[in-house]
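Participant: If you use our numbering, the sequence shown corresponds to residues 90 to 449, in order.
C-beta atoms are modelled at their ideal positions from N, C-alpha and C, and glycine is treated no differently.
Below you will find the structure I want to go over with you.
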Amino acid sequence: MNPSSRLTVEILPRRGRAPVPSLRSTRCLAEAEALMDRLAAEAGGDPAGFMVREHLSTGGKRLRARLALAALEALGEPRERGVAWAAACELLHNATLVHDDLQDGDAVRRGRPTVWALHGAAQAVNAGDLLLMLPCLALDHLPATDATRWALARALAGHACDVVRGQAAELELGAAERVEWSAWRAVAEGKTGALFALAVRGAALLAGRTDAEARSLSDAFRTLGLLFQLQDDVLDLYGEKGRGAPGSDLREGKTSALVVEHLELHPEDAAWLGLLLRAPRAETPDEEVERAILRFRTGGALDRVLGRINAAAGEALRAPGLAGEPALRALAAELVEVALSPIEPVRRPVVAIFDGEGRG
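Take a look at the structure:
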């Protein structure tokens, strides 16, 4: 394996300084989760509210909520001010999961049946739609001026649109004979990166930054969303996503980063991969998925994607908006560490990344 494509991030301690805000902190997270549950319950004892609460009870890392709270603290504000914003970001993320599971045909998430698998496709659409509305109601619970709430509502709507456009564009990728890296990246930054950027943009607005400043600060986290999508694609074939057998993306017919890179390196495999991706999920042979897993590793695609992961991490941590924000940059470095940890078995040697203004 090419050593340049293998990266481990080591967060180095900042000697003589107070600890920086961390994604590991659970302070105010329970309050955000309680608000999420309460907003779903306020919808009434109706089927949609029940399905939303059932879905939320499956847990998850709550990474977007954690990021919103930690980013606010990194920008000098108490976490308590961001509880409702954290809830809004996490509710929007979960709305996308419900719809994504339906579109991809995933029957299992977090080790439990998905909404559509339990209640059918039509009800999953309804549950996802309700989850899309609840973030707007969460904004009523913010200790902020009406002007700030309006700015947050605009950000919420804009980034939600980015996610939907990214999801729609991803489905179109499957119909293309060949996908350029730039097109795949645009999809990932919309579908996945938009929600990471939203958490930080909203935190910056709550901290009193202008919208232009907030957008600049959030740019690095949009790139980190790209990193998480790359990680997810690797994890699907070479790790454990909690969705059953490996190769869920291939069985769904999804054009993953590994597919893009493999076809760039081995265009002669286009017919074979095309047949695999177009096959109905239930009829996708396990041996063909196993063949792809081996081909991507031995043919260089896995190394190429690991190199993309490396590059995305470096790009995010060098983002101009973070230059004067050491605490926020340290948070970005921690997020890189979170992204890389699950795919540790397919990587190794250590590259140090300082968590202050540092160079590394």
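(1) Taking three-plus beta-carbon pairs below 8 Å as touching, is the segment 239 to 252 in contact with the segment 261 to 274?
(2) Identify, in the order they occur along the chain, each residue of the same chain with its Cβ nearer than 8 Å to the Cβ of Gly148, setting aside the five sequence neighbours on each side.
(3) Under the assumption that Gly171 contacts Ala292 (Cβ atoms under 8 Å), give the Cβ distance between them as a whole number of angstroms.
(4) By Cβ distance, which residues of its chain are closer than 6 Å to Ala175, with the 5 residues on each side in sequence left out?
(5) From Asp325 to Pro434, what does the alpha carbon distance come to, in whole angstroms?
(6) Kindly identify the DSSP beta-bridge partner or partners of Pro202.
(7) Check whether the Cβ atoms of Thr203 and Asp218 lie closer than 9 Å to each other.
(8) Thinking C-alpha only, which one of Val214, Leu207 and Leu164 is nearest His46?
(9) How should Arg274 be labelled, buried or exposed, when 16 other C-beta atoms within 10 angstroms of its C-beta is the threshold for buried?
(10) Just the Cα atoms here: how many angstroms apart are Leu411 and Arg418?
(11) Please classify Leu364 as buried or exposed, where buried requires at least 16 other C-beta atoms within 10 Å of its C-beta.
(12) Which of the three DSSP states, helix, strand or coil, is assigned to Ala288?
(13) Please name the residue, chosen from Gln192, Leu223 and Pro224, that lies closest to Ala211 on a Cα-to-Cα basis.
(14) In its own chain, which residues sit with a C-beta less than 7 Å from the C-beta of Ala130, not counting the 5 before and 5 after it?
(15) Given Arg304, which residues of its chain have a CB within under 7 Å of its CB, disregarding the five upstream and five downstream residues?
(16) Here's a check: name, in chain order, each residue in its chain whose Cβ is nearer than 6 Å to the Cβ of Phe310, leaving out the five neighbours to either side.
(17) Work out the CA separation of Lys150 and Leu406 for me, nearest whole Å.
(18) To the nearest angstrom, how far is the alpha carbon of Pro431 from that of Val268?
(19) Closest to Leu306 by CA distance: which of Pro374, Leu161 and Arg116 is it?
(20) Among Glu302, Gly194 and Ala177, whose alpha-carbon lies nearest the alpha-carbon of Gly457?
(21) Roughly how many whole angstroms lie between the Cα atoms of Leu395 and Leu362?
Facilitator: The structure says:
(1) These segments do not touch.
(2) The residue given as residue 148 occupies position 59 in the sequence shown. Non-local C-beta neighbours of Gly148 in its own chain, meaning closer than 8 Å and more than five positions away in sequence, comprise Arg199, ordered along the chain.
(3) The residue labelled residue 171 in the question sits at position 82 within the sequence shown. The residue labelled residue 292 in the question sits at position 203 within the sequence shown. Going by Cβ atoms, the distance from Gly171 to Ala292 rounds to 6 Å, so yes, they are a contact pair.
(4) One-based indexing of the sequence shown puts residue 175 at position 86. Excluding residues within five positions, the ones whose Cβ falls inside 6 Å are Ala121, Ala154, Ala157 and Leu158.
(5) As a working mapping, residue 325 is identified with position 236 in the sequence shown. As a working mapping, residue 434 is identified with position 345 in the sequence shown. So the two alpha carbons sit approximately 13 Å from each other.
(6) The count along the sequence shown starts at 1 and reaches residue 202 at position 113. Answer by DSSP bridge pairing, in chain order: Val197.
(7) To locate residue 203, count along the sequence shown from 1; it is residue 114. To locate residue 218, count along the sequence shown from 1; it is residue 129. In this structure, Asp218 does not lie closer than 9 Å to Thr203 by Cβ.
(8) What is shown of the chain runs 90 to 449, which leaves residue 46 out entirely.
(9) Here residue 274 refers to the residue found at position 185 when the sequence shown is read from its first residue. Burial of Arg274 is indicated by the presence of at least 16 other C-beta atoms within 10 angstroms of its C-beta.
(10) The residue you call residue 411 lines up with position 322 of the sequence shown. The residue you call residue 418 lines up with position 329 of the sequence shown. Going by the C-alpha atoms only, they are around 6 Å apart.
(11) Counted from its first residue, the sequence shown places residue 364 at position 275. When all chains shown are included, Leu364 counts as exposed.
(12) The sequence position of residue 288 within the sequence shown is 199, counting from 1. The answer is helix: DSSP assigns Ala288 an H, G or I state.
(13) For the purposes of this step, residue 211 is taken as residue 122 along the sequence shown, with counting starting at 1. Closest option to Ala211, Cα to Cα, is Gln192.
(14) Walking along the sequence shown from the start, residue 130 turns up at place 41. Taking C-beta separations shorter than 7 Å and ignoring five residues to either side along the sequence, the partners of Ala130 in its chain run Gly138 and Arg142, following chain order.
(15) As a working note, residue 304 is residue 215 in the sequence shown. If the five residues before and after Arg304 are omitted, its C-beta is found closer than 7 Å to the C-beta atoms of Arg290, all from its own chain and listed in chain order.
(16) Within the sequence shown, the letter at position 221 stands for residue 310. Cβ within range, chain order: Phe285, Ala286 and Val289.
(17) Position 317 of the sequence shown, counting from 1, holds the residue named residue 406. Position 61 of the sequence shown, counting from 1, holds the residue named residue 150. Put simply, the backbone Cα of Leu406 is about 23 Å away from that of Lys150.
(18) Here residue 431 refers to the residue found at position 342 of the sequence shown. Here residue 268 refers to the residue found at position 179 of the sequence shown. The straight-line gap from Cα to Cα measures roughly 27 Å.
(19) Counted from its first residue, the sequence shown places residue 306 at position 217. If we check each option's Cα against that of Leu306, Leu161 comes out closest.
(20) As displayed, the chain neither begins before 90 nor continues past 449, which places residue 457 out of reach and without an answer.
(21) Counting from 1 along the sequence shown, the entry for residue 395 is found at position 306. Counting from 1 along the sequence shown, the entry for residue 362 is found at position 273. If I take the Cα positions, the gap works out to 21 Å.
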